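K.L.:
Quick note on numbering: the sequence shown equals residues 1 to 222 in full-length UniProt numbering.
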Amino acid sequence: MMLRTKQISGICSLTLGNFVKCERFELNIIYAQCIRWKRKPIWLPTAKSKVFRVPQRPKIPTEEYIELKRLNNNYRTAMKSLMQHFENEFKKSQVQFDEITINKIADEDFIQSNLINDEWNMQIAKIREVRLAKEKEERKETILKKLLKKEERDKQREQKIEEHVKKLKEEVPTFITAANIDKAIEEALINIVNHEYAIDLKGNIYTDSKETSVNSNNIVSP
Numbered sequence: 001m002m003l004r005t006k007q008i009s010g011i012c013s014l015t016l017g018n019f020v021k022c023e024r025f026e027l028n029i030i031y032a033q034c035i036r037w038k039r040k041p042i043w044l045p046t047a048k049s050k051v052f053r054v055p056q057r058p059k060i061p062t063e064e065y066i067e068l069k070r071l072n073n074n075y076r077t078a079m080k081s082l083m084q085h086f087e088n089e090f091k092k093s094q095v096q097f098d099e100i101t102i103n104k105i106a107d108e109d110f111i112q113s114n115l116i117n118d119e120w121n122m123q124i125a126k127i128r129e130v131r132l133a134k135e136k137e138e139r140k141e142t143i144l145k146k147l148l149k150k151e152e153r154d155k156q157r158e159q160k161i162e163e164h165v166k167k168l169k170e171e172v173p174t175f176i177t178a179a180n181i182d183k184a185i186e187e188a189l190i191n192i193v194n195h196e197y198a199i200d201l202k203g204n205i206y207t208d209s210k211e212t213s214v215n216s217n218n219i220v221s222p
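(1) Since Ile190 and Tyr197 should fall inside the 8 Å C-beta cutoff, what is the C-beta to C-beta distance between them, to a whole number of angstroms?
(2) When the Cα atoms are used, what is the spatial distance from Thr207 to Glu152?
(3) Give me the Cβ distance between Ala184 and Ile192, rounded to the nearest whole Å; I'm assuming they're in contact under 8 Å.
(4) Could you tell me which uninterrupted alpha helix (DSSP H) segments, each at least 4 residues in length, are contained entirely in the stretch 69-134, listed from first to last along the chain?
(5) Who are the near neighbours of Lys169 in its chain, counting only those whose CB is closer than 7 Å to its CB and skipping five residues on each side?
(6) By the DSSP assignment, the beta strand (DSSP E) with Ile205 in it spans what residues?
(7) Roughly how many whole angstroms lie between the Cα atoms of residue 223 and His85?
(8) So the beta strand (DSSP E) Ala198 belongs to, where does it begin and stop?
(9) Could you tell me the distance, in whole angstroms, from the CA atom of Thr101 to the CA atom of Ser113?
This is the structure in C-alpha cells:
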C-alpha cells in the first residue's frame, strides 16, 4: 500500500481526519489490514477529562469467582505441564548433542560399519575367488587352443617343406653341375630354341627361321 499525504502548516494530514487527501492508493488484501477508530485515532493522548479517572472494580458473584479461579488453575496446571514437557524434551536433545555421547555413538557406528565392511569384503572375496578360478580355466582353454593351432601350423609348414624338398630331389637330375656341364652345352647347341615367335588366334606359331621353327601341331589351342 502506498500512501502520500500533503503537509499543511507543518501538521501531517493524517491527523486532520476528513481532510486526508490520498494522491495514490494501492491496496493489497493480503498485506493490508483496515482499522476503524470509533472515537479517536490511537496515536492521540488520553483526554484531559479521563486522565485521573479511576475505573470501578467489577463485582463478580462468589460462584462465578470460584468457577473462574478453577478454570484459571486448570489453565495454569496445563501450561505448567506443557512447559515441563518442553523442558524435558529440550534436555533430552541436549543429552543427544553431548560431546561424550556423540563420541560414543560415533565409536559404536564405526565398529558397526567395520563389521558390515568385513562382511562385504568376505562376500566380495568369495565372488573374486570364483571369478579368478573361472578366468583361470578360460585362460587354460585359450592357451590350449593356441597350442593346438600352433602345432597344426607347424605340421602344415613341415609338410610344405617336405613337399618342396621332395620336388627338389626329383629335379636334381636336371640340374647342371660341373660333371655334366659339357653335355648340357652340347645339347643346347644341338637343340636350338628360338623364343622369338608369334602365335595367332588358332594357336599356330610363326618364326623367322625355318630351321628353328616349332611344329604348330604340337601346340594345344587354349
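Note that beta-carbon positions come from the ideal geometry of N, C-alpha and C, so glycine has one too. For clarity, every value in this text was computed on a predicted model and none was experimentally measured.
P.N.:
The structure says:
(1) For the purposes of this step, residue 190 is taken as the residue at position 190 of the sequence shown. For the purposes of this step, residue 197 is taken as the residue at position 197 of the sequence shown. The C-beta separation of Ile190 from Tyr197 comes to about 19 Å, leaving the pair out of contact by the 8 Å criterion.
(2) Walking along the sequence shown from the start, residue 207 turns up at place 207. Walking along the sequence shown from the start, residue 152 turns up at place 152. So the two alpha carbons sit approximately 52 Å from each other.
(3) Taking the first residue of the sequence shown as 1, we reach residue 184 at position 184. Taking the first residue of the sequence shown as 1, we reach residue 192 at position 192. So it is not a contact: roughly 14 Å between Cβ atoms.
(4) Complete alpha helix (DSSP H) runs here, min 4: none at all.
(5) One-based indexing of the sequence shown puts residue 169 at position 169. Nothing listed; no residue qualifies.
(6) The sequence position of residue 205 within the sequence shown is 205, counting from 1. Start and end: 205-207.
(7) Here the chain has residues from 1 to 222 only, and residue 223 is not among them.
(8) Along the sequence shown, read from residue 1 onward, the residue named residue 198 stands at position 198. According to the DSSP assignment, Ala198 belongs to the beta strand (DSSP E) that extends over 197-199.
(9) Here residue 101 is taken as the residue at index 101 of the sequence shown, counted from 1. Here residue 113 is taken as the residue at index 113 of the sequence shown, counted from 1. Straight-line Cα distance between these residues: approximately 18 Å.
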